[in-house]
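Read the structure below first, then the notes.
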Amino acid sequence: MKIKGTSSYITVEIDNKTVQIQGEMLVNGFVAYGDTIKHWEPPYQNIEIDETTKAKLIQDIMDETKNSKFVIRFE
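Going by our numbering, the sequence shown opens with residue -7, and the numbers climb by one from there.
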């Protein structure tokens, strides 16, 4: 898993697919808006992300960052 970000979104690459998640930068991390997880980035933009995949993505991202200095939380 690769996670990159700006002050207003993060991009997460997993299984050769990328998703962009909107949110806000915090002093010690990032708060991501789970409701902005809808589809993969090109070339997979026609594949919608279902609720099961979305829940797994959120859990994987939180697990990946929970012990780091930059924690990603979801709202």
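Note that CB positions come from ideal geometry on N, CA and C, so glycine has one too.
Compute the Euclidean distance between the alpha carbons of Q14 and T44, then round it to the nearest angstrom.
Here residue 14 refers to the residue found at position 22 of the sequence shown. Here residue 44 refers to the residue found at position 52 of the sequence shown. Approximately 19 Å, taken between the alpha carbons.
State the DSSP-derived secondary structure class of Q51, mapped to helix, strand or coil.
Position 59 of the sequence shown, counted from the first residue, corresponds to residue 51. Reduced to three states, the DSSP call for Q51 is helix.
Quick check: the Cα distance between V63 and M17, rounded to an integer number of angstroms?
The sequence position of residue 63 within the sequence shown is 71, counting from 1. The sequence position of residue 17 within the sequence shown is 25, counting from 1. For V63 and M17, the distance between alpha carbons rounds to 10 Å.
Name the residue from V4, S60, T57 whose alpha carbon lies nearest to the alpha carbon of E33.
Locating residue 33 in the sequence shown gives position 41, counting from the first residue. Checking every option, the nearest Cα to that of E33 belongs to V4.
With a floor of 4 residues, list each alpha helix (DSSP H) that falls wholly inside the stretch -3 to 61, ordered by position along the chain.
Qualifying alpha helix (DSSP H) stretches, in chain order: 43 to 57.
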